[in-house]
Amino acid sequence: MQRTILHADINNFYASVECLYRPELREKPVAVTGDVEARHGIILAKNNLAKATGVKTGEAIWQAKQKCPELLCLPPDFRKYLRFSKLARAIYEEYTDQIEPFGIDEAWLDVTGSVHLFGDGREIADTIRQRLRDELGITGSVGVSFNKIFAKLGSDMKKPDATTIITRDNFQQLVWPLPVGELLYVGRSTQQKLRNRAIFTIGDLAKRDIPSLRLLLGVWGETLWHFANGLDVAPVRRSGEESIIISIGNSTTAPRDLINNEDVKLIFYVLAESVAARLRQHGVKCKTVAIYVRNTELFSFERQGALRNPSSLSSEIVSKAMELFVSHYSWDKPIRSIGVRGANLVTADQHVQLELFEEDNTKVEALEKMMDGIRKRFGHYSIQRCVMLQDRHLTGFNPKEDHVIHPVSFFK
Amino acid sequence: MRKTFLTITAKHDPNGMIYPLTINWTDGQVYAVDRIIDVRQAVSLKCGGQGLRYTCRIEGKEMYLFYDEGKWFIEA
Numbered sequence: 009m010q011r012t013i014l015h016a017d018i019n020n021f022y023a024s025v026e027c028l029y030r031p032e033l034r035e036k037p038v039a040v041t042g043d044v045e046a047r048h049g050i051i052l053a054k055n056n057l058a059k060a061t062g063v064k065t066g067e068a069i070w071q072a073k074q075k076c077p078e079l080l081c082l083p084p085d086f087r088k089y090l091r092f093s094k095l096a097r098a099i100y101e102e103y104t105d106q107i108e109p110f111g112i113d114e115a116w117l118d119v120t121g122s123v124h125l126f127g128d129g130r131e132i133a134d135t136i137r138q139r140l141r142d143e144l145g146i147t148g149s150v151g152v153s154f155n156k157i158f159a160k161l162g163s164d165m166k167k168p169d170a171t172t173i174i175t176r177d178n179f180q181q182l183v184w185p186l187p188v189g190e191l192l193y194v195g196r197s198t199q200q201k202l203r204n205r206a207i208f209t210i211g212d213l214a215k216r217d218i219p220s221l222r223l224l225l226g227v228w229g230e231t232l233w234h235f236a237n238g239l240d241v242a243p244v245r246r247s248g249e250e251s252i253i254i255s256i257g258n259s260t261t262a263p264r265d266l267i268n269n270e271d272v273k274l275i276f277y278v279l280a281e282s283v284a285a286r287l288r289q290h291g292v293k294c295k296t297v298a299i300y301v302r303n304t305e306l307f308s309f310e311r312q313g314a315l316r317n318p319s320s321l322s323s324e325i326v327s328k329a330m331e332l333f334v335s336h337y338s339w340d341k342p343i344r345s346i347g348v349r350g351a352n353l354v355t356a357d358q359h360v361q362l363e364l365f366e367e368d369n370t371k372v373e374a375l376e377k378m379m380d381g382i383r384k385r386f387g388h389y390s391i392q393r394c395v396m397l398q399d400r401h402l403t404g405f406n407p408k409e410d411h412v413i414h415p416v417s418f419f420k
Numbered sequence: 016m017r018k019t020f021l022t023i024t025a026k027h028d029p030n031g032m033i034y035p036l037t038i039n040w041t042d043g044q045v046y047a048v049d050r051i052i053d054v055r056q057a058v059s060l061k062c063g064g065q066g067l068r069y070t071c072r073i074e075g076k077e078m079y080l081f082y083d084e085g086k087w088f089i090e091a
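Quick note, the sequences are listed as chains A and B, same order. Counting the first sequence from 1 gives a position; the working numbering is that position plus 8. Counting the second sequence from 1 gives a position; the working numbering is that position plus 15.
So, in structure tokens, the structure goes:
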């Protein structure tokens, strides 16, 4: 059966919401930016006037100001954005229960079952756009197609406030001439690899034979070929359907550059506590610890190592992370950002092999659980490791709750 | 046009709906809401804001009363 899938993408989400609340800014170039003091000073979103001057999402504020000196930079208000995201979702829910959010401002809707109630895909898309405009004062682009990949491409084609329809009959004219980088999951390096094989457009990719793509990109090649030919069959997840967790991690850009092992250890402690607490919250332990390091030149790498026993203890995660770090980093440059991830997860309720000559870990486990309880009742900063007091500036953040918006992946 | 936040008296029914009964103007005057004509989510483009919009008839005049997360305002 032919599916009808919508991909709704709210235009310039953060900036639109800010402009909505401050009408005096509507005719000026506006950008929502991170905190410069904490060195998160990049453009998170911009309105159309700022876009017209060439300001791009993700670039530093000073770069944007060079292109557009009169750019107004506003601090983000994530609570407000979450509220609007929920309101938009409430609108979508009137048309289908199969809604899969992709970040805070995008969502796929499978309306196959509701077309006989509300009209065809275009009609539903237009109604949703109209309602976003009237009820929330923001505009959205909607792509309508028979699979998720083309629906997403459609929502990117015409902006702002437009509906794009991609059908089985017209996708070769509409989608195939687009540059291959437009396709979901073709990033900079994949694009480069494809370009080396004279694959420039999505059409070029679709016309290649699978074996040669598999040779070039592995299993990825095949997946991308399916994407390009409109053969993606991934379902739109139902509201509330949980995805399986593959790994749990946290990373951060430190408020100042990290210059020695002590600094790194401090940040690792903050991150590992959040990772460990989340592992325990989900009732899992990790068998592998991975670290991510990025230096001031923006060169980054990831390394991982196995733990002796599965663990959800911050102390064990930190010692493994430090071990990995010390053996893989030579300090030729200071470090800008750093991350810790627990992977290879197993359920926590299995038997534990106690150490014969070392301390009993179950006591530490009980201790950390108790800390979770105290923090839940009295707040994150009510109990802390002494080591955190060495540098309040560096450790004064809570990765578990400070970030309310997380990046998501298509392959959950 | 300015966003003016007001004190109101309201009736909360068992379903969670809120019906404004009177609005207290900034100068102390109290106006009764004669009728609520329409209630819907809407945006106030004139003075910036979004919320549940009550279209009310007050002293023979139709006007919008917005309910935004616990606060009431009008476009004045």
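Backbone N, C-alpha and C fix where the C-beta goes; we use that ideal spot for every residue, glycine too. The structure presented is a predicted model; accordingly, all values stated were derived computationally and were not measured.
*DSSP beta-bridge partners for M379(A)?*
DSSP lists no bridge partner for M379(A).
_So with CB distances below 9 Å, who are the chain A contacts of G31(B)?_
Residues of chain A passing the Cβ test: none, with the nearest at roughly 15 Å.
*asked:* Can you tell me which residues form a DSSP beta bridge with Y79(B)?
replied: Beta bridge pairing from DSSP links Y79(B) with T70(B).
*List, in order along the chain, the chain A residues whose C-beta lies closer than 7 Å to that of Q65(B)?*
Simply L28, L144, G145.
*Over the uninterrupted alpha helix (DSSP H) stretch that includes R87(A), give me the two end residues.*
DSSP places R87(A) inside the alpha helix (DSSP H), whose first and last residues are 86-100.
*Residue interval of the beta strand (DSSP E) (run including R222(A))*: Careful: R222(A) lies outside any beta strand (DSSP E), inside the alpha helix (DSSP H) at 218-225.
*Reducing DSSP to helix, strand and coil, say where G113(A) ends up.*
A quick correction: the sequence has Asp, not Gly, at residue 113(A). For D113(A), the secondary structure class from DSSP, reduced to helix, strand or coil, is coil.
_Contact set between L95(A) and chain B, taken where Cβ atoms lie within less than 9 Å_ = Residues of chain B whose Cβ lies closer than 9 Å to the Cβ of L95(A) are, in chain order, Q56, Q65.
*Hey, is C62(B)'s beta-carbon within less than 8 Å of any beta-carbon in chain A?*
The Cβ of C62(B) sits closer than 8 Å to at least one Cβ of chain A.
*asked:* Any beta carbon from chain B within less than 8 Å of K420(A)'s own beta carbon?
replied: Note that K420(A) scores a pLDDT of 48, beneath 50, so its modelled location is shaky and nothing firm can be said.
*asked:* Between P3(A) and chain B, is any beta-carbon pair separated by less than 8 Å?
replied: Because chain A here runs from 9 to 420, residue 3(A) falls outside it and cannot be looked at.
*Can you say whether A159(A) is buried or exposed, counting buried as having 16 or more other CB atoms within 10 angstroms of its CB?*
A159(A) comes out buried.
*Helix or strand or just coil, what does DSSP make of D59(B)?*
It should be pointed out that residue 59(B) corresponds to Ser in this sequence rather than to Asp. In the structure shown, S59(B) sits in a strand (DSSP, three-state: E or B).
*According to DSSP, is K420(A) helix, strand or coil?*
Confidence in K420(A) is poor, its pLDDT being 48 and thus under 50, which makes the residue's placement unreliable; the coordinate value appears in the next sentence. Reduced to three states, the DSSP call for K420(A) is coil.
*Just checking my contact of R68(B) with R55(B) at CB under 8 Å: how many whole Å lie between their CB atoms?*
Beta-carbon to beta-carbon, R68(B) and R55(B) are separated by about 6 Å, close enough to satisfy the 8 Å threshold.
_Just to confirm, is the Cβ distance from L213(A) to A236(A) under 8 Å?_
A contact, by the Cβ cut-off of 8 Å.
*Who does C294(A) pair with in a DSSP beta bridge?*
Answer is S319(A), L353(A), bridged to C294(A).
*Apart from the five residues just before and just after S345(A), which ones in its own chain have a Cβ nearer than 7 Å to its Cβ?*
The answer, listed in chain order, is S259, T260, T261, A262, R302.
*Compare the C-alpha of C62(B) against each of Y29(A), A53(A), W70(A), A68(A) and name the closest.*
Out of Y29(A), A53(A), W70(A), A68(A), Y29(A) has the C-alpha closest to the C-alpha of C62(B).
*Return yes when the Cβ of T304(A) is within less than 8 Å of the Cβ of P243(A), no when it is not.*
The Cβ atoms of P243(A) and T304(A) do not sit closer than 8 Å to each other.
*What do you reckon, are the CB atoms on Y277(A) and M378(A) nearer than 8 Å?*
No, the Cβ-Cβ distance between Y277(A) and M378(A) is not below 8 Å.
_Can you tell me where the alpha helix (DSSP H) holding L52(A) begins and where it ends?_
Note, L52(A): premise wrong, no alpha helix (DSSP H); beta strand (DSSP E) at 51-54.
*Which residue's Cα is closest to the Cα of S282(A): G66(A), K166(A), S323(A), L161(A)?*
It is S323(A) whose Cα lies nearest to the Cα of S282(A).
*With F88(B) as the anchor, note down where its beta strand (DSSP E) starts and where it stops.*
Taken as a continuous stretch (DSSP letters only), the beta strand (DSSP E) holding F88(B) covers 86-90.
_With three or more C-beta pairs closer than 8 Å as the rule, is the region 208-226 of chain A touching the region 67-77 of chain A?_
Contact fails: fewer than three Cβ-Cβ distances are below 8 Å.
*asked:* Excluding the 5 residues flanking A245(A) on each side, which residues of the same chain have their C-beta closer than 6 Å to its C-beta?
replied: The sequence shown places Arg at residue 245(A), rather than the Ala named in the question. Taken in chain order, the residues that qualify are E108.
_Through-space distance from V38(A) to L90(A), alpha-carbon basis_ = Taking the straight line joining both Cα atoms gives about 20 Å.
_Own chain partners of Y100(A) with C-beta closer than 8 Å, once the 5 adjacent residues on each side are dropped_ = Excluding five sequence positions before and after Y100(A), the CB atoms of its chain that fall closer than 8 Å to its own CB belong to A16, I107, A115, L117, I136, given in chain order.
*May I ask you to list the residues that DSSP assigns as paired with V348(A)?*
Bridge partners of V348(A): N258(A), I299(A).
*Alpha carbon to alpha carbon, what distance is there between E67(A) and L52(A)?*
Their Cα atoms are separated by approximately 9 Å.
*Cβ shell of T37(B) (< 7 Å), same chain only, five flanking positions each side left out*: Once the five neighbours on either side are set aside, the close Cβ partners of T37(B) are I23, T24, V45, Y46, A47, V48.
_Close Cβ partners of D83(B) (< 6 Å) along its chain, the five nearest in sequence each way excluded_ = The beta carbon of D83(B) sits closer than 6 Å to the beta carbons of G64, G66 from its chain, once the five residues preceding and following it are set aside; these are given in chain order.
*asked:* Please classify C394(A) as buried or exposed, where buried requires at least 16 neighbouring CB atoms within 10 angstroms.
replied: So C394(A) counts as exposed.
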